[in-house]
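If you read the sequence shown in this note's numbering, its first letter stands for residue 60, the second for the next number, and so on.
By construction, the Cβ of each residue, glycine as well, lies at the ideal position given by its N, Cα and C atoms.
These notes are about the structure you will find just below.
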Amino acid sequence: KRLFNNTVYLNATSSGSGFGTSAVSSDTGTSVDLRNNLLVNTSTAVGTGKTVVLRYNGASLTRYSSSSDANCLYAGAPGPSRLIFFDGTNADDTLAEFQARVKPRDRHSVSEMPPFVNVTTTPYDLHINPAIATRLESGGIIISSPINLTTDFDGDTRSTSSGDIGADEFTGTFIDETAPIITYSPLSNIVSSATLNVTASIADQSGVNITAGTKPRIYFRKSFNANTFIDNTNATDGWKYVQASNGSSPFSFTIDYSLLFGGSGSSSGDTIQYFFVAQDVSTIPYVESKEGVLNGTVNTVELTSLHFPITGTVNSYKILTGVNGTVTVGTGGDYTSFTSAGGLFATINSGLVTNNVTVQVISDVSESGANALNQWNEMPANSNYTFTIQPSAAVLKTISGSFDGGLIRLNGADRVTVDGRFGGSGKYLRFTNTKATTGTATITAIQMISLGINAGSTNNTVRNCEVSTGSNSIGSYGISLTGNDNDNNTITENMIYKALGGIAFDGGATGKNNNIQITNNIIGSATAGEYIGLVGILTSNADAPVITGNEIFNIITNFSGPIGIQISIGVVDAVISNNKIYSIEYTGSSSLGARGLYISTGVVSSNLTIANNVIYDIIGKGSNTFANTNVGVMITEGSGITGGIKIYNNSINLFGTADNAAGNNSAAIAVLSSAATGLDVRNNVLSNSIVNNLKSTALALVLYSLAPGSSFDAIDHNDYFASGTQGILGGITGAGIVSSLSQLQSALGGDANSLNADPMYGSDSNLVPQPGSPLLLAGTAISSVSMDILGTVRNGSTPTIGAYENEVALPVELVSFLALPKHNSVELIWNTAAEVNNYGFEIERSRIQNT
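Below, the structure written as structure tokens:
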């Protein structure tokens, strides 16, 4: 609890046995910070009761803030029952006893009966009588943190140099019996230099002594130097000092490291301890030393060996290694590794970043993974420097090692870019965590780690890199974001392979990962041993992620049901677009299938946009249970109702053999969230021709929905095409199996402009509609889908259904044209290669030759 500039006056009486009172009482669980408070208790205790200003429950002073100071504490004439402080065991009836107990706290506190305007008759008036001299006048300290107290109880403006004690700011006459008040910001760690400029604000009612020789000073030493003062030369071991270079507050000091014992100055690794001293202009000076406790009575800033050793807490800062500019990592470089002992990360973690850092990787690098990159300290503080890793040439460099966890870890680090390009193009950095056995942590090549709510790794980019692990059958990811608030990170144009999962970003329910960009990555491999083992992209608890332009393929596994992209619990406002997902295959013996896109947010109004995705070759043994079978796009409940899904202009083609004697079903789209609402399905081409040769009753559905037609805000301009011996148009709750477009329209209450036609793909894996396709000009314009998967601008009124926007072919493809004069007429001869919807020919003659 913080108590600042309060006035408390107690003058209670009682006939009760053991009657006692306290101006402030603190229990065992409360920490207290007292500054500038006027606390008066002149009550009359009875029996074993006590009149106490500050009462603590328990003897520990750890709950009494070290910032406590400049209070007026008064309990009347000192005595056993009139106490400044009492903790149940220890009792202080004088201010001096209390200050000795709590030092260095309350060194500027005072004790007096204040000249209140009226405490004789009620109502009391606790304003201060300005005609009577008092220690309250200008006896306070300036409070600017954690709040800035600029006015008093009455709204009067407080002094900006030395305010008054208590709730009332007044203009009175001071009694100066206290030392100057020194305030300053603790010095931060720095890099090695010859000198250091520092400032401190110093105020005193009578004035600060600024005479040469007795001006304010800062004493300093290396932490291992002798705790004494002999003289101010580097020939002796002990404290040294410099005095202020100016004559008014704030006072300026230039620490001269050449004064330190030995004369070699400071170097990286040194800890410099320091404290300030100042005296006022009183005849018998009052001296303030901050911090620490000097020995004996101190009445001058000219300290001698008699005033040492200094005890208590003395502030300090470290001299650290500075890192800035361009550094090299690799054989013959500035550092031989990123993560190993003595590597770049360890140096930065224990040092200071003094400008933007660019790291050039000059060779293959072997890593231990021992050190993550923490959020570095900066000089000046809060400079927001950047850290970039890049290759030194257009030659592939491999950064590898076997580590149980993330090999390259950003441990709360921000503004890091890992860029595999050289000269703006190419992929010349390969990161691989070669560990191939299960350990205590998830194996990851590159990992961004959160330190807690609002303490994630943010504003980082990994781009144009190759990323892999040692195994695609154990818990492993190429790139992962772990924990709360890893916000504003981008993963783009990487090649990710040989891992159980390609990319994973999992936030917390109260600290979602915001604005994650997963774009244009190639996730998968053409080499069997380097396939992704289970899921291409996985996310949960994310706000406004964008997953676009990725190619996810060859997730071929017998491990479990593989998934191209998995959108899990707590994901909202996401865009999943322009992705190509194919060859997702389960090869095991269990009744499991594959899913191209799996959505299970558990959020009724998820506001997801699924657009321009191409999904095909999603196959596995499959199951009669849709939750475990082959599905192009699956929407399921998970931990709660999943709704608010927009599915626009996707091309989905399921085909192949899924033999399972136990039976199976499949669907291009399956809505398994029965209470879902806010579904919008338009301009999609959905086809399914999967065949189960071992079970004739298997169903290859185009659309399966446990949600009724009322769950769809809009559903239209789709092409539903079922083929093969087990192809069925749909299965809709309340309607059962539907085999015609009219039945589907009736079941859903929509699809008035939808088709049931062969989309005329180029092939099962080439989903570009060919000339004459019924998809051409059959869609409806959707403003948020203005381009197709290839970036072609869509027709503004009647776009093509599906992910590809095709220009409509001319009705006639002309091969040759010949005009032969025949007396007063002309014979026209032409040949055509193709004619589509040709309703005749019109020929126009030009008067211009050869046109």
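Cβ distance (whole Å) where residue i is taken to contact residue j below 8 Å
i	j	result
residue 598	residue 564	5 Å
residue 656	residue 619	At roughly 17 Å, the Cβ-Cβ gap does not stay under 8 Å, so residue 656 and residue 619 are not in contact.
residue 911	residue 768	There is no way to answer for residue 911, as the model of the chain reaches only from 60 to 910.
residue 111	residue 81	5 Å
residue 555	residue 577	About 10 Å; that fails the 8 Å criterion.
residue 362	residue 340	Their Cβ separation, rounded to whole angstroms, is 19 Å, which puts residue 362 and residue 340 out of contact at 8 Å.
residue 503	residue 466	7 Å
residue 725	residue 689	4 Å
residue 540	residue 593	The pair is not a contact, with the Cβ atoms about 18 Å apart (cut-off 8 Å).
residue 778	residue 744	4 Å
residue 324	residue 253	6 Å
residue 451	residue 420	6 Å
residue 330	residue 351	The Cβ separation is near 15 Å, so there is no contact.
Extent of the continuous beta strand (DSSP E) run through residue i
i	result
residue 469	465-470
residue 525	524-528
residue 161	Per DSSP, residue 161 belongs to no beta strand (DSSP E); it is in the alpha helix (DSSP H), 154-161.
residue 725	724-730
residue 258	254-262
residue 175	175-177
residue 771	771-775
residue 192	First-last for residue 192: undefined, no H or E at that position.
residue 69	66-69
residue 45	Outside the displayed range of the chain (60 to 910) lies residue 45, so it cannot be described from this structure.
residue 92	92-94
residue 609	Counting along the chain, residue 609 falls outside any beta strand (DSSP E), and DSSP gives it neither H nor E.
residue 81	80-85
residue 100	97-100
residue 493	No beta strand (DSSP E) contains residue 493, which DSSP labels as neither H nor E.
residue 181	No beta strand (DSSP E) contains residue 181, which DSSP labels as neither H nor E.
residue 241	240-242
Option nearest residue i by Cα separation, candidates the options
i	options	result
residue 579	611, 666, 876, 380	611
residue 746	760, 136, 85	760
residue 835	851, 857, 815	857
residue 96	107, 130, 105, 124	130
residue 509	472, 535, 485, 402	472
residue 542	568, 118, 558	568
residue 267	307, 73, 299	307
residue 432	463, 474, 449, 879	474
residue 165	217, 495, 369, 93	93
residue 667	356, 134, 628, 387	628
residue 815	467, 764, 798	798
residue 785	534, 757, 763, 772	757
residue 679	722, 659, 658	722
residue 462	477, 422, 454, 505	505
residue 197	220, 187, 183	220
residue 703	478, 862, 740, 458	740
residue 283	257, 320, 186	320
residue 172	547, 201, 708, 102	102
Element boundaries [alpha helix (DSSP H), containing residue i]
i	result
residue 801	800-807
Residue i - partner residues in DSSP beta bridges
i	result
residue 555	526, 582
residue 377	330
residue 573	602
residue 819	Partner(s): none; residue 819 has no beta bridge.
residue 693	657, 729
residue 563	539, 597
residue 791	764, 795
residue 393	Partner(s): none; residue 393 has no beta bridge.
residue 682	724
residue 276	302, 336
residue 385	417
residue 478	522
8 Å Cβ cutoff, residue i in contact with chain C
i	result
residue 434	This model lacks chain C altogether; it includes just one protein chain.
**Asked** Fully enclosed by the region 399-455, which beta strand (DSSP E) runs are 3 residues long or longer?
**Response** 411-420, 446-450
**Whole runs of the beta strand (DSSP E) within the region 105-170, excluding any shorter than 3 residues** = 110-115, 131-133, 141-145
**Request:** Write down every uninterrupted run of the beta strand (DSSP E) in the region 699-761 whose length is 3 residues or greater and which is fully enclosed by it, in chain order.
**Result:** 704-707, 710-713, 724-730, 738-741, 744-747
**Item:** Start-end ranges of the beta strand (DSSP E) lying completely within the region 287-373, minimum 3 residues
**Value:** 299-302, 310-315, 330-338, 346-349
**Request:** Pick out the complete beta strand (DSSP E) segments inside the region 611-658, 3 residues or longer, and give them in chain order.
**Result:** 622-626, 634-636, 639-645, 654-658
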